[in-house]
Structure formats: structure tokens, C-alpha cells
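Using the working numbering, you'd call the opening residue of the sequence shown number 90 and step up by one each time. Positions of the beta carbon are idealized from the N, C-alpha and C atoms, including for glycine. Remember, predicted model here, so these are calculated numbers, not experimental data.
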Amino acid sequence: RIGARLHDTTNYQRWVLDVSARMVATQNRVARSLLESPTAGFTTVDLKTVYRPAFASRVLVTAGVENLFDRQYR
């Protein structure tokens, strides 16, 4: 898992943008006796944001998208 975070550098920290990627390698070492099967590698990308409105210091709006590019993986 790797990621990067950009954020407002003021004391109020009104916004944050967080991007992360989860990368999984191909799995070839499996226990056939447990009915496991090899799986292909995959990568998922997530995007998350946080916003604190200036008019309401106690309000925090968050939103995010997981698996941003919506690729099928197993």
C-alpha cells in the first residue's frame, strides 16, 4: 500500500486530499490440499477527500471512492 496526502497548511486545515493504491502480487504458491487456486495480481486505487466549511467549524464533510478505476479483480 502506498499513498499521498495533500492538505491545507493553515491552522484550520479546511481541506485534505488523500490518494492511495493497494498492490497485490500474483499468488502462485497455493495449498491444493485446501482447494486453493492461483490468483492473478491486482491494484486498486482509492481517492478520499475532507472539507471543513468556513461558516461551520464543527462540520466536516468527507467523501471517497474506493477502487476508482473499477477494474475487475479476484
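Do you know whose CA, among the options, lies nearest residue i's CA?
i    : options                : result
R93  : V134, R103, Q116, F158 : It is Ala, not Arg, that sits at residue 93 in the sequence shown. The option with the nearest alpha carbon to A93 is V134.
N156 : R118, P127, A110       : A110
A129 : V119, N100, L136, V154 : V119
T115 : S126, S122, V148       : S126
Y101 : A152, D159, A143, L136 : A143
A152 : T98, F158, T138        : T138
Using C-beta distances below 6 Å, list every residue in its chain close to residue i, excluding the 5 sequence neighbours before and after it, in chain order.
i    : result
Y140 : W104, V150
Does the Cβ-Cβ distance between residue i and residue j come in under 8 Å?
i    : j    : result
F131 : V108 : no
V154 : L136 : yes
Starting from the C-beta of residue i, find all residues in its chain whose C-beta is less than 7 Å away, skip the five residues before and the five after it, and write them out in chain order.
i   : result
L95 : L106
Open item on the list: For a minimum of 3 consecutive residues, which ranges assigned as the beta strand (DSSP E) are wholly contained in the stretch 112-158?
Closed with: 131-140, 150-154
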